[in-house]
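Protein chains in written order, with this note's numbering: chain A, 3 to 1085; chain B, -4 to 494.
Just so you know, even glycine gets a beta-carbon here, dropped at the ideal spot from N, CA and C.
Here's the structure, in structure tokens; my notes come after.
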């Protein structure tokens, strides 16, 4: 406590000054003569315009609107008020009534003027901003998402510089990274903010899941955001735009402005919408199996005996066996009394119903009801959304109920209260398993017998009332049948399922006090809290696999993971906005933010299996429970900041801000850090008088953002293991903490040009940026000879630079028809300039297959390393005995990089009268991905190319050279694996024949991401009813992967969100094509 | 209005009043623990890595062709990269796993003990002071034991710069022979420092239950093992001879001295073999043909413990043992299975045993080191010890030894072949030491399977390649080490494996 008293004293002094200022200003306020007139000046969408002016005609007396577009002026009723705002048509009204609300319409002849919400929820005219931001209207956002339960998915392809990787997991997480990965190993996710208040977006997947081990993707928590509440979404990309949010905004901010109750007509204000979406798998993201050979590893290996009717060796989870010849054989189902083939031989042939028939049609039903209403003094927006979604895997269901309310009340002329509360109840059963082991989709992609009929497995599972009748008997002749490596996939889905539920409350209340016409104070308290329970099950009779806290593989068990999270923010700020004369405008904010977080987890599991089948409770453990893992962390940041913006002649703008944070996660002495930002913009279009140019703006900024460490990163603590021979055991964790951490810092520079021309039918925005993140706080793999496998280190410099382009245009615009196009494109180049002292390479992850993803000095972030070919004169070298490629002896070769060269999106919208049609094409160019599916699946002979022609019998001649440099002529069959006896075959492809490099694919794609057709039902239809209007939409998402290079899987498929979310693909779900219908009524 | 302003300011003030630095404490996990709990952790952890047969971690029974695999042959054919086996083997000793300790826990336990201050007025001053010394010696003995395994696996390894934690995340590698010499110095110190009249870790010692006399024998046996390897290298004859001679006076003298760890009947504290072979429900391993045929040919009575008599004809008659073919798929049901004894959950885990010591002594005699007893006596003792340890009765053991193919005087081949082959039989289930013995003596003469991975370059591996993590994380030192040992290859020999 004493140690930070100094800091606190300073804070207190500063606050005192702020409070005094508040009093002085308030007491100086004097009332003028006449009648008081109030009202709101808004734009055509009903959004309040801040800084708009009201002038009494013929005088110099005037007022300005506040941040909500509200004004107060005193005038006598014979006077006339002039309402004006840059870019809008000026309007005049006599000052006769006491409330005058004015809706200003855009003036095509005037400059483009868009009001955007910037950091902390402050509304600003976009033209005055010295940094890039991109706004997406709520409608454009939501219309794209057929049956989409995660708001993050809706960003894909819609904004320049924003990389959205949505993996294919059911209810899974989506990675949103703006302008590249800035942190080497830390969080690179954009910060999500609702009405100025940050929202937690963590994913609570285990470390094992993240590194490709067995696990479930429990999704990222912004999926709790109620999409119906979104009025608009603004993306703040650079540090200059976000610095006021402090540490967490270094990765950019996705700002959501919620709907407020709109004033309007005398209708009730209800909106009801109902959407129904069906999804089917995109077959280009699932294997195409060969149909010539069955179970086994080599010719003659398919059968256990040479009887007249042989028995298939069901223990092989591969399809490299004997050719299908239609002879009668006993297959796995001949040994199941529940099968119609029990005791029966069936023909040796490729199955009629392969794994693709395992997938269901997914269904999603989203219904929402919302109410928006406002009166003179208050406004109200309520919404209820109900989501019910089933996935393509059997027994998967996601339910979501979202309730939210936004309320605003004007208490008196000066004081306004605002409140927002959103509750989300999310309940999911049967997420798909991710990773290498225990993942049945992984089995389909890597370890499978092409002679197995999936529908027969289904019949057996149900006929046996839920028994594990598997295709993969360890020994079908054994007296007691048991699975070798894989469960019946239906058993796995229906019995070994996960479930999770999260109850979340996000809310804030604020009071806004208008001290003078140009100064207001805001106090706000916000709370984001959730409670989550994740449960995992393994039914009695399952194949043994990693489970719970047990250090050994378990054949049954139950695990529960309880998570409690809480974040409270206290904000106090003073906003000012004043014009001096006609030429100078000044606005800004001074404030303080105090944030407190708590996270409390308990992980517990059974050990030794379950006693009573079907009872998933800790007390059903065979042995005494392992010590549960408890983690409890609290952390907080206290920040003070000031930001000011000065404008001259509405042409020159300069913005400067500074923030100082004190963080609990850094050691005393190193825990305070201050960082500045400055930006400027210049509207050159005001100086050139060109008819065609509506807006021309040049902008530039420099900003720094400081960042702290994760909580509990300073001091090593021990973890408890089970007692051994009654002795307590503690062991040092594998990650070494670091008590000398200092804050990390992102320095960014940005320059941009923004123009709007030809009656604003053509818009152009280009930005170049460069960020350097120095003194990185990173948790990285280190040589375990040091005693630790991982460590927190501090240092280094990672540089990201890139170009962002946005182009918007309206090529055709007639009375009834318009065509709008928006294009965005960006590239990001990263370079590791420096690494923390004592570290040569930062490893982000190392995976099954022996590949790793790294950050090495001088290379780009995210290089994939593994084994490579051996090159002779630049050619791949072939072993002259086996005919296989020679493989490098070491795994430190750079064989790819996970980062794309560029990303882009094109959105077209065609509107004809009441009908509109839009589609979005989304592209990633470049970036590499390692496919563990191909690594194994080619070796196990599942894929079509492994059975091309007679290559299994005759081998292939690999393109390349002999070690002496001559062209290779040796066939793979020349090796000792040729068909000279049982168990032999020519192993042409896959992990035993090729280096890791062979399984690195270009992750480029072009996708038809969204299609939407929307029809505004004619008003005449509802004449005489209470219905005010209606819209019918047909929405499609992920309809078509126009182009990709990764075979049999979606190049976007990764494990979950986070730094390891791309570049490695194993056992991912196929992509779902969604088509939905949505009907909306207003009444 | 003032009230409102007060309210707003108060909100802001309150918010900055809670104490930040108090927040960053781990309430649930201790930052200081008893040194003994780390020692137990390491004893268990090291044994875990020595004993298990998980394909991801310990594949030495396969290299040694005592066992082979049924369906997935990668490890038997030396494809060790895909599963990152080197990484796991290396990490298990250096850093331990998330459940078990290794060298890092030992180093930490030692630093806690070293920091412990015993006040001279303490009535137990002497006892505590000596116990402290004993504890440090016990820790160091296990460290020497672990470092030897690492050197014998990889060759040069980080040693002088190892275990420095944040002091050095990029440790350089030291020459294997230099590490050996230092290990010998250390183990001598440990032996001298132990005072058997006083306690050590007491009940936290789960190997010997704090019997320090046995710890001294254990230390001497490790010293013998180091000495014989060093002797085989031909590099430091004087040091090797001195080590062997001094150690031989107080090595294990019977199976009662064996360094073994007791397991419990229930998971997870069972023998890891039970987990890998039984509990996990997989049928990955069968005894290898190479080994089974050798055992059967010599009428070895251990066969009935080593192997199961699971093969029967259609009439239920027992069929002869049939080992799996290395490098080929072996349908589990068609081959002899591993014997029941070593699949028991509480089957003990062996660090080092008497039979192994006697084989080393026999070898030392043959290498011309002046120690007591003849090679034949030590050889016979070794076989008898092994028989006894596996529960074979004396009559059967004697009958076995009486065979001309077994008796030292008449058994075929050089001393290397005689000792090497018998050590191979006895070191069944001691995969790593069996491999070391075979590498040093060049017997048994095992051949790589025809479909061996190209990385093996047509030979049975002489070492493991360095971990992928070292290649990527500690590249400069890795490259220097790889060059120093003659290439980071499977066929590169450890310094004591001179032919």
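Could you work out which residue in the options is closest to residue i when comparing CA atoms only?
| i | options | result |
| --- | --- | --- |
| residue 392 of chain B | B/403, B/380, B/400 | B/380 |
| residue 295 of chain A | A/303, A/715, A/465 | A/303 |
| residue 37 of chain B | B/89, B/77, B/53 | B/89 |
| residue 301 of chain B | B/174, B/289, B/443, B/309 | B/289 |
| residue 975 of chain A | A/417, A/784, A/735, A/880 | A/880 |
| residue 764 of chain A | A/695, A/752, A/740 | A/695 |
| residue 646 of chain A | A/640, A/639, A/682 | A/682 |
| residue 66 of chain B | B/324, B/427, B/329, B/337 | B/324 |
| residue 101 of chain B | B/349, B/28, B/150 | B/28 |
| residue 866 of chain A | A/808, A/894, A/878, A/165 | A/894 |
| residue 678 of chain A | A/748, A/737, A/615, A/627 | A/748 |
List the residues of chain B that residue i touches, going by C-beta distances under 9 Å, in chain order.
| i | result |
| --- | --- |
| residue 793 of chain A | 160, 161, 164 |
| residue 1169 of chain A | The structure shown does not extend to residue 1169 of chain A, since chain A spans only 3 to 1085, so no value can be given for it. |
| residue 843 of chain A | 467, 468, 469, 470 |
| residue 609 of chain A | 261, 262, 263 |
Mind pulling the chain B residues with CB within less than 7 Å of residue i?
| i | result |
| --- | --- |
| residue 553 of chain A | 94, 263 |
| residue 670 of chain A | 16 |
| residue 718 of chain A | 26 |
| residue 851 of chain A | 77 |
Can you pull the DSSP bridge partners for residue i?
| i | result |
| --- | --- |
| residue 567 of chain A | A/532, A/601 |
| residue 707 of chain A | A/748 |
| residue 172 of chain B | None, per the DSSP bridge assignment. |
| residue 702 of chain A | A/682, A/753 |
| residue 645 of chain A | A/591, A/659 |
| residue 285 of chain B | Note: residue 285 of chain B sits in no beta bridge, so no partner. |
| residue 640 of chain A | A/596, A/664 |
| residue 459 of chain B | Paired residues: none, contrary to the question. |
Please return the same chain residues whose Cβ sits closer than 7 Å to the Cβ of residue i, not counting the five positions on each side in sequence.
| i | result |
| --- | --- |
| residue 20 of chain A | Residue placement at residue 20 of chain A is flagged as unreliable, the pLDDT there being 47, under the threshold of 50; the coordinate-derived value follows with that caveat. Excluding sequence neighbours, residue 20 of chain A sits near 576, 592. |
| residue 515 of chain A | 416, 417, 522, 523 |
Using a cut-off of 9 Å between C-beta atoms, extract the partners of residue i located in chain A.
| i | result |
| --- | --- |
| residue 153 of chain B | 785, 787, 788 |
| residue 425 of chain B | Correct list: empty, because the minimum Cβ distance to chain A is about 22 Å. |
| residue 74 of chain B | 993, 994 |
Could you name the residues of the same chain whose beta carbon sits closer than 8 Å to that of residue i, not counting the 5 residues immediately before and after it, in chain order?
| i | result |
| --- | --- |
| residue 265 of chain B | 258, 259, 274, 340, 341 |
Is residue i helix, strand or coil when you go by DSSP?
| i | result |
| --- | --- |
| residue 20 of chain A | With a pLDDT of 47 at residue 20 of chain A, under the threshold of 50, the modelled position of this residue cannot be trusted, and the question is left open. |
| residue 1082 of chain A | strand |
| residue 432 of chain B | helix |
For residue i, which residues from the same chain have a beta carbon less than 6 Å from its beta carbon, with the 5 sequence-adjacent residues on both sides left out?
| i | result |
| --- | --- |
| residue 484 of chain B | none |
| residue 824 of chain A | 810, 909 |
| residue 421 of chain A | 409, 511 |
The ligand ADP and residue i: does any heavy atom of the ligand fall closer than 7 Å to the residue's C-beta?
| i | result |
| --- | --- |
| residue 373 of chain A | Of ligands this structure carries none, so the ligand ADP is not represented either. |
Output, in chain order, the set of chain A residues within a Cβ distance shorter than 8 Å of residue i.
| i | result |
| --- | --- |
| residue 355 of chain B | Within chain A, no residue comes near residue 355 of chain B; the closest Cβ sits about 28 Å away, beyond 8 Å. |
| residue 270 of chain B | 554, 555 |
| residue 278 of chain B | 317, 476, 477, 486 |
Name the chain B residues that come within less than 8 Å of residue i, Cβ to Cβ?
| i | result |
| --- | --- |
| residue 721 of chain A | 24, 93 |
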